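Below you'll find the structure, written out as structure tokens, and then a few comments.
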Amino acid sequence: MQIKYYYFKKERNKLKRYLKVCGIFATGVGALIFIYFLLLMATWQVDISKAFAASDLLSPVPYNEFSGRDVFQSPVSETVDLFTTSDDVLRNWYPHLLKDSERNKNIDYYALTIKSLGIFDADVSTNDYDLSRHLIQYPGSSYPAENGTVIIYGHSTLPQLFDPKNYKTIFATLHLVQVGDEILINVSGVIYKYKIFSITVHDKNDPSILSQSYNNSNLALVTCTPPGTVWKRLVIRANLVSEI
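Be aware that the sequence shown starts at 50, since it is given in the numbering used here, and climbs by one per residue.
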């Protein structure tokens, strides 16, 4: 009796073709993601370069901060952080922060507006650390209109996901602001107008992000950058120009 193997060979060939198609598809998806990532980085650098070009400051960020191998090695060295670090709580960024009950609660909330980005009356909390619910004023930093620097932290993500009403995406386009843009702070109906004078990028552990200058009243907005990563910190600094 002769045994035929045709049926089994056909099934095995179908399996090989299926695996081959899956492999090609996976490779294509990976290539598209990589290209998208490169385009995102290129767009970010162009936007940041435009902001620096408009500034009167001399070389606010060293050239090698954005060029060479560092930018492309960072994803490898910090991939674990990117997927395991919870950025929803500011205390995860700064473990030494006071407990919620120990914070100064003279002003619980105030509102922030950046018209150039379409952000209006975003809540800024002074009494907790939950970045998913509002922006957070760094504890110990000055309050609006006081001498010193008001330091405000917020979330960023991919610019395409920007939603000014979603505090997990609210600073996704912060890198698009320009020197001279206005930031409004509303404290109990009193509005303070700040004007941006500095746009810089720092390593995430750079202590100068929290620096205070008591000669006048300043404001600093801080978020992760490039958008969608946690590699570095974008710092937007503005000074008080008037009370409305």
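A virtual CB, placed ideally from N, CA and C, is assigned to each residue, including glycine. Predicted model, so just to flag it, every value in this text is computed and none were measured.
Work out the CA separation of residue j and residue i for me, nearest whole Å.
i    : j    : result
L131 : Q209 : Reliability of the predicted coordinates at L131 is poor, the pLDDT of 40 falling under 50, and no value is obtained from them.
N254 : L64  : 51 Å
V173 : Q186 : 6 Å
C319 : A171 : With the chain represented from 50 up to 293, any question about residue 319 goes unanswered, as that position is not in the structure.
T278 : G77  : 23 Å
G238 : R182 : 22 Å
Y243 : D179 : 25 Å
R66  : D252 : 48 Å
I84  : P188 : 40 Å
I293 : N196 : 18 Å
A75  : L81  : 10 Å
K69  : G79  : 15 Å
Can you name, in chain order, every residue of its own chain whose Cβ lies under 6 Å from the Cβ of residue i, other than the five neighbours on each side?
i    : result
D212 : T218
N155 : none
Assuming residue i and residue j make a contact with CB atoms under 8 Å, what is their CB distance in whole Å?
i    : j    : result
V228 : I245 : 5 Å
I285 : L270 : 4 Å
L289 : S266 : 4 Å
Y159 : N215 : Contact flag wrong, Cβ pair sits at about 19 Å.
I168 : V226 : Not a contact, Cβ separation roughly 10 Å.
S291 : D230 : The pair is not a contact, with the Cβ atoms about 15 Å apart (cut-off 8 Å).
L161 : I240 : Not confirmed; about 11 Å, so no contact.
Only counting the same chain, and skipping five residues up and downstream in sequence, which positions put a Cβ closer than 7 Å to that of residue i?
i    : result
P276 : W93, S205, T206, L207, P208, A221 and H224
G72  : none
Rank the options by C-alpha distance to the C-alpha of residue i and give the top, closest one.
i    : options                   : result
A20  : P193, L184 and R66        : The question about residue 20 has no answer here: the residues shown for the chain are numbered 50 through 293.
S247 : A75, G197 and L268        : L268
T175 : D157, S190, K281 and G189 : D157
K41  : N264, K69 and P256        : Nothing can be reported for residue 41, as the shown portion of the chain is limited to 50 through 293.
Y263 : I293, G203, L81 and T198  : T198
L184 : S191, Y202 and G79        : Y202
In the DSSP assignment, find the beta strand (DSSP E) that holds residue i and state where it starts and stops.
i    : result
Y241 : V239 to D252
G197 : G197 to Y202
I185 : L184 to Q186
I163 : Y158 to I163
L268 : S266 to T274
K281 : K281 to E292
S174 : I168 to S174
L233 : E231 to V236
Closer than 7 Å: is that where the CB of residue i sits relative to any heavy atom of the ligand MN?
i    : result
A287 : Absence of the ligand MN from the depicted structure is noted, as is the absence of any ligand whatsoever, leaving it without description.
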